[in-house]
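*Asks:* Structure provided below as structure tokens; questions to follow.
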Amino acid sequence: MTDDSGRASRLTVYGDTAQDARDKAAQIRRRVEDGQPARDRKEALAAFAQLWVETSLEASERKRNTKVLYAGVVRAHVLNSSLGRLPLDKVRPSHVEGWVVELRRKGLAESTIRSAYTVLRAILDTAVRDGALASNPAAAVRRPRVTVKEAQHLTPVQVATLLQAARGTRYAPLFALLVHAGLRRGEALALRWSNVDLERHTLRVRGTLSRIDGQLTVTEPKTAKSRRFVPISAPAEQLLTAVRAAQDVERRRAGSAWRETGFVFTTEFGEPCDPRNAFRAFRVAATRAGLPHAGLHTLRHSAASVMLSGGVPLKVVSDILGHSSIAITGDIYGPLSPDVARRAIDVLGDALDR
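For the sequence shown, the UniProt record's numbering gives the first residue as 1, with consecutive numbering after it.
Below, the structure written as structure tokens:
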């Protein structure tokens, strides 16, 4: 055969019988004619996965925090696994399925297992692209399922209790904005004053603040629809006005130590707030309020629940939350407000009974 660079080479096959050898030779010819590698590479999957992290993953247009996440998945679940020790030419769909079973036995969350499968499939797709494999064995395995769970939310009374427990802390305004605007934590922390328009009563979500490689970094929003304008209520406007006034006081107090970053939520020296510190502060407030199982994302769920309970159309709620599709909103929040469905049926019954 002749490879892509024009070099001629000879491949030898062996068989128990002459016919067996001829069949193997014919299989190799078919692979070459179909543009596939004559033989799958014998390199260990773990070694190829490490190379994938350093090259293909790094060169991709994925968000930086996604690259960090995927590299972590490879280190934790591929490199030292029984699957990772197999040569590429020995990996079969049943091996991938066995690996998924191993992950489940470790007690990993369904979402973690699905992420691990997604990364493995991307690695093997690259192996096919590079001619190391003729086909992707993971493609023949069903993607692990993630059970959609009902989103935990708080009642308006519980929200008020929690915000009262956080009152006086640096992060109290952040918690209040999350529930008033339905923002994600990273979206609120990435908010700059240039994104806030109190005259038009809107704010613009343009990024997400997270810690990546030890540095606080603003990255692109989660999805294309996450880049959005969000209307804000009168209480939210009052909240933001108070935050700006408090920030002006801290700016004068810090003097030359102040760093002008333009963020809405900052430290006492103008630096962006660390999402981990916001999480810790929330845990303290939630415990103090007698709501130890609440999380920061619970505030966003609570905002959605209140809107849906108030009769706001699902499409409008989906747009405000920045979901990529209304189906996601329905899957997450559909069970939250049975009273909405009851009112809909009552309206239908009244109309048909006239």
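C-beta atoms are modelled at their ideal positions from N, C-alpha and C, and glycine is treated no differently.
#1: At what residues does the alpha helix (DSSP H) containing L240 begin and finish?
#2: Can you tell me whether DSSP reads Q152 as helix, strand or coil?
#3: Extract the residue ranges of the alpha helix (DSSP H) inside the stretch 50 to 131, only unbroken runs of 4 or more that lie entirely within it.
#4: Is D197 helix, strand or coil when you go by DSSP?
#5: So, do the stretch 149 to 167 and the stretch 175 to 187 have three or more beta carbon pairs nearer to each other than 8 Å?
#6: According to DSSP, is T202 helix, strand or coil?
#7: Helix, strand or coil: how does DSSP classify S210 here?
#8: In this structure, does DSSP put V32 in helix, strand or coil?
#9: Mind checking who R228 pairs with in its DSSP beta bridge?
#10: With distances taken between CB atoms, is the gap from D274 to R211 smaller than 8 Å?
#11: Look at the Cβ atom of G270, then the Cβ atom of R251, and state whether they are nearer than 8 Å.
#12: Can you list, in chain order, the residues of its chain with a C-beta nearer than 7 Å to that of Y70? Leave out the 5 residues immediately preceding and following it.
#13: In whole angstroms, what is the alpha-carbon distance linking V196 and A122?
#14: Just checking my contact of I113 with P87 at CB under 8 Å: how many whole Å lie between their CB atoms?
#15: Of all the options V218, D213, G182, which has the alpha carbon lying nearest to the alpha carbon of L203?
#16: Between which two residues does the beta strand (DSSP E) containing T217 stretch?
#17: Do you know whose CA, among I28, D20, D89, L83, lies nearest R41's CA?
#18: Taking just the CA atoms, how far does A134 sit from W99?
#19: So which of R30, P272, Y171, Q238 has the shortest CA-CA distance to F282?
#20: For the alpha helix (DSSP H) containing S305, name the first residue and the last one.
#21: Using three-state DSSP, classify F265 as helix, strand or coil.
#22: Tell me the DSSP bridge mates of A44?
#23: Does the Cβ of residue 399 have 16 or more other Cβ atoms within 10 Å, making it buried, or fewer, making it exposed?
#24: Looking at C-beta atoms only, is the number of pairs between the stretch 7 to 27 and the stretch 47 to 56 that lie closer than 8 Å three or more?
#25: Find the nearest neighbour of L201 within the set D213, T241, G186, T169, judged by alpha-carbon distance.
#26: Counting Cβ pairs, one atom from each stretch, are 3 or more of them under 8 Å apart for the stretch 213 to 233 and the stretch 311 to 325?
#27: Helix, strand or coil: which one does DSSP assign to T12?
#28: Considering only their Cβ atoms, is the gap separating G262 from S194 smaller than 8 Å?
#29: Cutting at 8 Å between CB atoms, please list the residues of its own chain near A21, excluding the five before and the five after it.
#30: In the DSSP assignment, what are the bridge partners of R185?
#31: Among R185, P156, L108, which residue has its Cα nearest to the Cα of V146?
#32: Roughly how many angstroms lie between the CA atoms of R104 and A140, to the nearest whole one?
#33: Consult DSSP for R192 and reduce its assignment to one of helix, strand or coil.
#34: Which whole-angstrom value describes the C-beta separation of T298 and H153, a residue pair presumed to lie in contact below a C-beta threshold of 8 Å?
#35: On the three-state DSSP scale, how would you describe P313?
#36: Is the CB-CB distance between Q238 and T266 below 8 Å?
*Replies:* Result, derived from the coordinates:
#1: For the purposes of this step, residue 240 is identified with residue 240 of the sequence shown, where counting begins at 1. Boundaries of the alpha helix (DSSP H) around L240: 234 to 254.
#2: For the purposes of this step, residue 152 is taken as residue 152 along the sequence shown, with counting starting at 1. The answer is coil: DSSP assigns Q152 none of H, G, I, E or B.
#3: The qualifying runs are 64 to 77, 93 to 105, 110 to 129.
#4: Taking the sequence shown and counting its residues from 1, one reaches residue 197 at position 197. The DSSP-derived three-state label of D197 is strand.
#5: The stretch 149 to 167 is in contact with the stretch 175 to 187.
#6: Locating residue 202 in the sequence shown gives position 202, where the first residue counts as 1. T202: strand per DSSP, three-state reduction.
#7: Locating residue 210 in the sequence shown gives position 210, where the first residue counts as 1. In the three-state DSSP reduction, S210 falls in the strand class (E or B).
#8: One-based indexing of the sequence shown puts residue 32 at position 32. Correct three-state label for V32: helix.
#9: Taking the sequence shown and counting its residues from 1, the one referred to as residue 228 is at position 228. DSSP, once it has assigned bridges, lists V205 as partnering R228.
#10: Taking the first residue of the sequence shown as position 1, residue 274 is located at position 274. Taking the first residue of the sequence shown as position 1, residue 211 is located at position 211. With contacts defined as CB atoms closer than 8 Å, D274 and R211 qualify as a contacting pair.
#11: Here residue 270 is taken as the residue at index 270 of the sequence shown, counted from 1. Here residue 251 is taken as the residue at index 251 of the sequence shown, counted from 1. Contact: yes.
#12: Against the sequence shown, residue 70 aligns to sequence position 70. L57, V119, listed in sequence order.
#13: Looking up residue 196 in the sequence shown gives position 196. Looking up residue 122 in the sequence shown gives position 122. One alpha carbon belongs to V196, the other to A122, and they sit about 39 Å apart.
#14: Within the sequence shown, residue 113 is the residue found at index 113, counting from 1. Within the sequence shown, residue 87 is the residue found at index 87, counting from 1. Not confirmed; about 24 Å, so no contact.
#15: One-based indexing of the sequence shown puts residue 203 at position 203. Closest option to L203, Cα to Cα, is G182.
#16: The count along the sequence shown starts at 1 and reaches residue 217 at position 217. T217: member of the beta strand (DSSP E) spanning 215 to 219, first to last residue.
#17: Within the sequence shown, numbered from 1, the residue matching residue 41 stands at position 41. Among I28, D20, D89, L83, the Cα nearest to that of R41 belongs to D89.
#18: Numbered from its first residue, the sequence shown carries residue 99 at position 99. Numbered from its first residue, the sequence shown carries residue 134 at position 134. W99 and A134: Cα-Cα distance of roughly 21 Å.
#19: By one-based count along the sequence shown, residue 282 stands at place 282. Checking every option, the nearest Cα to that of F282 belongs to Y171.
#20: One-based indexing of the sequence shown puts residue 305 at position 305. Residues 296 to 309.
#21: Counting from 1 along the sequence shown, the entry for residue 265 is found at position 265. Here F265 sits in coil by DSSP.
#22: Here residue 44 is taken as the residue at index 44 of the sequence shown, counted from 1. The partner list for A44 (beta bridge, DSSP) reads P87.
#23: What the structure shows of the chain is the stretch from 1 to 354, and residue 399 is not part of that stretch, so it cannot be assessed.
#24: Not touching, per the Cβ criterion.
#25: Along the sequence shown, one-based indexing puts residue 201 at 201. Here residue 201 turns out to be His, not Leu, going by the sequence shown. Residue T241 holds the alpha-carbon nearest to the alpha-carbon of H201 among D213, T241, G186, T169.
#26: The stretch 213 to 233 and the stretch 311 to 325 touch, with no fewer than 3 CB-CB distances between them shorter than 8 Å.
#27: In the sequence shown, counting from the first residue as 1, residue 12 sits at position 12. DSSP, read as helix, strand or coil, puts T12 in coil.
#28: For the purposes of this step, residue 194 is taken as the residue at position 194 of the sequence shown. For the purposes of this step, residue 262 is taken as the residue at position 262 of the sequence shown. Their beta carbons are under 8 Å apart, which means S194 touches G262 by this criterion.
#29: For the purposes of this step, residue 21 is taken as the residue at position 21 of the sequence shown. So the list reads V13, Y14, G15, once near-sequence residues are dropped.
#30: Position 185 of the sequence shown, counted from the first residue, corresponds to residue 185. DSSP, once it has assigned bridges, lists no residue as partnering R185.
#31: Working through the sequence shown from its first residue, we reach residue 146 at position 146. Cα-wise, what sits closest to V146 is L108.
#32: Against the sequence shown, residue 104 aligns to sequence position 104. Against the sequence shown, residue 140 aligns to sequence position 140. One C-alpha to the other measures close to 19 Å.
#33: Taking the first residue of the sequence shown as position 1, residue 192 is located at position 192. Here R192 sits in strand by DSSP.
#34: Within the sequence shown, the letter at position 298 stands for residue 298. Within the sequence shown, the letter at position 153 stands for residue 153. Right, their Cβ atoms sit about 6 Å apart.
#35: Looking up residue 313 in the sequence shown gives position 313. The answer is coil: DSSP assigns P313 none of H, G, I, E or B.
#36: The residue labelled residue 238 in the question sits at position 238 within the sequence shown. The residue labelled residue 266 in the question sits at position 266 within the sequence shown. Not closer than 8 Å, so no.
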